[in-house]
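In this note's numbering, the protein residues as written are 215 to 490.
What follows is a short report on a single structure.
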Amino acid sequence: MYAQLQQRGSPRPPVNVSTLQKMKAEGEKISSLTAYDASFAALVDEAEVDVVLVGDSLGMVIQGYDTTVPVTVEDIIYHSRAVSRGLARPLLMADMPFMSYSTREQALANAVRMMQEGGAQMVKLEGGAGQVEIVAYLASHDIPVCAHLGLKPQSVHKIGGFKVQGREGAAAEQMRADARALEAAGADLLLLECIPSDLGAQITADAHVPVIGIGAGPDVDGQILVIYDILELTPGRKPRFVQNFMSSTGSPMEALRAYVAAVKSGEYPADEHCFA
Ligand code: KIV
């Protein structure tokens with residue numbers, strides 16, 4: 215009971231939206247990883263990762279689909295509940311699956327389930343101008359929201375593949391405007407995927423809320439990766455932004471610690487992980 219209060223003065227108080235704001239203000243990089251079960255969650259907690267995402271990437275790395283499109287709210291709740299049992303300190307964010315937030319009422323009902331049944335402390339949705347109203351509605355009900363911009367994997371069939379976004383001037387301007395509108399609507403966190411580093415830097419400079427990136431360059435407030443990718447558990451070709459932290463460490467725990475250290479020091483991402 216009152217765990218938040220009891221742990222406030224402890225050396226590892228739980229991460230919340232205020233912690234993330236403070237980290238942005240003080241220039242401390244935010245480290246984030248996905249997790250899908252209690253065992254990996256406990257390792258990630260031990261490695262002092264700040265934010266854990268139950269991503270709909272579970273559709274690809276756990277369920278074996280080619281895309282995230284088949285993932286359901288039930289899937290996210292099931293995995294979030296497991297992850298929440300393994301975590302003490304990190305903030306637990308859960309992905310709203312494809313078509314689970316197409317109206318304000320549907321988004322609210324599903325976000326509430328993800329928080330009450332799954333233990334999520336923040337929900338993430340793939341957004342642009344079309345989702346501003348949804349974000350505002352969730353925020354007006356005090357649901358912490360992360361807005362995911364850039365490459366939006368749930369739109370893969372519409373955009374024709376997993377590719378870098380925002381390279382053309384008009385698309386970059388639109389993304390900057392979308393980021394501002396989503397923040398104004400009440401988003402607490404922005405996540406940028408697969409965009410040129412310059413654009414990542416511009417959106418981060420514009421934003422008052424923290425911005426984390428995956429393939430968005432070094433000049434964002436933090437980094438997120440899929441845990442299976444950094445532990446070399448996913449076979450085949452990896453996206454450019456992935457760094458294998460297992461090869462230099464040899465144990466999952468050490469690999470996770472090395473990832474956190476590399477994010478905090480700014481060593482990751484290096485040029486080879488970034489897009490121009
Ligand atoms: O689903 C997921 O894992 C994600 C990350 C790639 C950011 O959205």
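A virtual CB, placed ideally from N, CA and C, is assigned to each residue, including glycine.
Check the DSSP bridge columns for Val268 and list the partner residues they point to. Ala308
Straight-line Cα distance separating Ala469 from Arg390: 34 angstroms
Using the C-alpha atoms, what's the distance from Leu352 back to Ala398? 13 angstroms
For Leu445, report the span of its beta strand (DSSP E) as first-last. Note, Leu445: premise wrong, no beta strand (DSSP E); not H, not E.
So, with DSSP's three-state summary, where would you put Ser246? In the structure shown, Ser246 sits in a strand (DSSP, three-state: E or B).
Let me know if Pro424 comes out buried or exposed under the rule of 16 or more other beta-carbons within 10 Å of its beta-carbon. buried
Chain B beta carbons: is any one of them nearer than 8 angstroms to that of Val359? The chain inventory of the structure shown lacks chain B, comprising one protein chain alone.
Rounding to the nearest angstrom, what Cα-Cα distance links Gln368 and Gly341 in this structure? Going by the C-alpha atoms only, they are around 10 angstroms apart.
Does the distance from the C-beta atom of Gly431 to that of Cys488 stay below 8 angstroms? yes
With hydrogens ignored, establish whether the beta-carbon of Val440 is closer than 7 angstroms to any heavy atom of ligand 1. Because some heavy atom of ligand 1 lies under 7 angstroms away, the Cβ of Val440 counts as near it: yes.
Would you identify the three-state DSSP class for Val361, choosing helix, strand or coil? Inspection of the sequence shows that residue 361 is occupied by Ala rather than by Val. Of the three classes helix, strand and coil, the one that applies to Ala361 here is strand, per DSSP.
By how many angstroms is the C-alpha of Val477 removed from the C-alpha of Gly374? Taking the straight line joining both Cα atoms gives about 31 angstroms.
What is the DSSP secondary structure of Val434, counted as helix, strand or coil? coil
Just list the beta strand (DSSP E) runs in the stretch 309-379, keeping only unbroken ones of 3 residues or longer that don't cross its boundaries, in chain order. 336-340, 359-364
Where does the unbroken alpha helix (DSSP H) through Ile290 begin, and where does it stop? If you look at Ile290, you'll find it in the alpha helix (DSSP H) that goes 287-300.
Output yes or no for whether 8 angstroms exceeds the beta carbon distance between Ala384 and Leu413. Contact: no.
Can you tell me whether Met328 is buried or exposed, with buried defined as 16 or more other CB within 10 angstroms of its CB? buried
Proximity test, His355 beta-carbon vs ligand 1 heavy atom, cut-off 7 angstroms: Flag unset: Cβ of His355 not near ligand 1.
Terminal residues of the beta strand (DSSP E) in which Glu407 lies: 403-407
With DSSP as the reference, please indicate the residues paired to Val231 in a beta bridge. According to DSSP, Val231 bridges with nothing at all.
Between which two residues does the beta strand (DSSP E) carrying Val474 extend? From DSSP, Val474 is part of no beta strand (DSSP E) but of the alpha helix (DSSP H) over 466-479.
Is Thr286 a contact residue of ligand 1, with contact defined as CB to any heavy atom under 7 angstroms? Because no heavy atom of ligand 1 lies under 7 angstroms away, the Cβ of Thr286 does not count as near it: no.
Would the beta-carbon of Ala296 fall within 8 angstroms of that of Asp259? no
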